[in-house]
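Residues in the sequence shown are numbered from 1007 upward in steps of one, following my numbering.
Every residue, glycine too, gets a C-beta built ideally from N, C-alpha and C.
As the structure is a computational prediction, the values presented were derived from the model and not from experiment.
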Amino acid sequence: MSDEYIKNMAKDVGGIVHRELVFLKFDELNFDNLMHVLIINASRFGSVKHSTENSTQKICIHHGVNKEFSKFLAIVHEVMANSLSVKISITNVDQNTICMDIKEP
């Protein structure tokens, strides 16, 4: 897939899916509920390492698919963060893993 196709598909998913998943599970959209849904959703792709350092949530998703899938997941999470006013920093994108730091607004 081209980078442009990956980007367009990720924008569609990132702006909608996480918000809808929060409302399917919880009555309100807040940071804690969002983090809960992110961890559950990320576990669909493989193993997830989650830790908290100060007020930063650190998430690494090991999926074992390919680098294009890592790029897709990175864009999905960036779009989600922008639409929900959450601060996110993608710290790693490689063949098998994507890592990110998420800060509460």
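Assigned secondary structure, Asp-1107 (DSSP; H/G/I helix, E/B strand, else coil): Look at Asp-1107 here: in three-state DSSP terms it is strand.
Got a sec, what are the start and stop residues for the alpha helix (DSSP H) Glu-1059 sits in? Element bounds for Glu-1059: not the alpha helix (DSSP H) but the beta strand (DSSP E), 1053-1059.
Just to confirm the assignment, what range does the beta strand (DSSP E) spanning Ile-963 have? No information on residue 963 is available, as it lies outside the stretch 1007 to 1111 that the chain covers here.
First and last residue of the beta strand (DSSP E) that includes Val-1099? Start and end: 1093-1099.
Please check the pair Val-1092 and Ala-1016, which I expect to be a contact at CB under 8 Å, by giving their CB distance rounded to whole angstroms. Their Cβ separation, rounded to whole angstroms, is 16 Å, which puts Val-1092 and Ala-1016 out of contact at 8 Å.
Start-to-end residues for the alpha helix (DSSP H) that takes in His-1024: His-1024: member of the alpha helix (DSSP H) spanning 1023-1031, first to last residue.
N-terminal and C-terminal residue of the beta strand (DSSP E) that His-1068 is part of: For His-1068, the enclosing beta strand (DSSP E) has its first and last residue at 1062-1068.
Is Asn-1072 helix, strand or coil when you go by DSSP? Residue state, collapsed to three classes: coil.
Rank Phe-1037, Val-1043, Glu-1059, His-1069 by C-alpha distance to the C-alpha of Phe-1051 and give the top, closest one. Ranking the options by Cα distance to Phe-1051, first place goes to His-1069.
How would you label Phe-1078, buried or exposed, when you count the other beta carbons within 10 angstroms and need 16 or more for buried? Answer is buried; the Cβ neighbour count reaches 16.
Whole-angstrom C-beta distance between Ile-1104 and Ser-1061, which should lie under 8 Å: Contact check for Ser-1061 and Ile-1104: beta-carbon distance about 21 Å, past the 8 Å limit, so the pair fails to qualify.
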